[in-house]
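Each residue of the sequence shown is one higher than the last, beginning at 19 in the working numbering.
To start, the structure under review is shown below, and the notes come after it.
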Amino acid sequence: MIQKQYGTSRSHLKTFQRLARMRKNDETLNTGLITIGQLIDSGFTIVRHPDEQNSTTGKVSTLFSLHQL
Numbered sequence: 019m020i021q022k023q024y025g026t027s028r029s030h031l032k033t034f035q036r037l038a039r040m041r042k043n044d045e046t047l048n049t050g051l052i053t054i055g056q057l058i059d060s061g062f063t064i065v066r067h068p069d070e071q072n073s074t075t076g077k078v079s080t081l082f083s084l085h086q087l
C-alpha cells in the first residue's frame with residue numbers, strides 16, 4: 019500500500035509529506051490561528067493566519083487543496 023502511494027504523485031502520503039516540508043519553512047503553519055470555512059458541495063476551506071493578524075485578508079503565503087478520492 020505504501021509503495022503504491024510513493025509511486026502516485028497525488029497520494030495522501032505525498033500530500034502529507036509536502037505539508038510537513040512546508041511546516042519547516044512557514045511559522046504560520048506551526049503556530050497560527052485556524053479559520054474553517056463553510057461546507058459547500060462537500061468541500062470547505064481551512065485558513066491559517068499569524069496570531070497577530072487575526073484576519074483572513076492580507077498576504078497569502080501558501081495555498082493548496084486536498085481532494086477526497
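Don't be surprised by glycine CBs; every beta carbon is placed ideally from N, CA and C.
Keep in mind it's a predicted model, so treat the numbers as computed, not measured.
Residue j and residue i - do their beta-carbons sit closer together than 8 Å?
i	j	result
ILE55	PRO68	The residue you asked about is not Ile; residue 55 is Gly in the sequence shown. No, these two residues do not count as a Cβ contact at 8 Å.
ARG66	ILE52	yes
LEU37	ILE20	no
Would you kindly report the start and end of the unbroken beta strand (DSSP E) that includes residue i?
i	result
LEU37	First-last for LEU37: 30-43, but that is the alpha helix (DSSP H), not the beta strand (DSSP E).
ILE58	No beta strand (DSSP E) holds ILE58; DSSP gives it neither H nor E.
Comparing C-alpha positions only, which one of the options sits nearest to residue i?
i	options	result
LEU47	LEU57, ILE64, ASP59	ILE64
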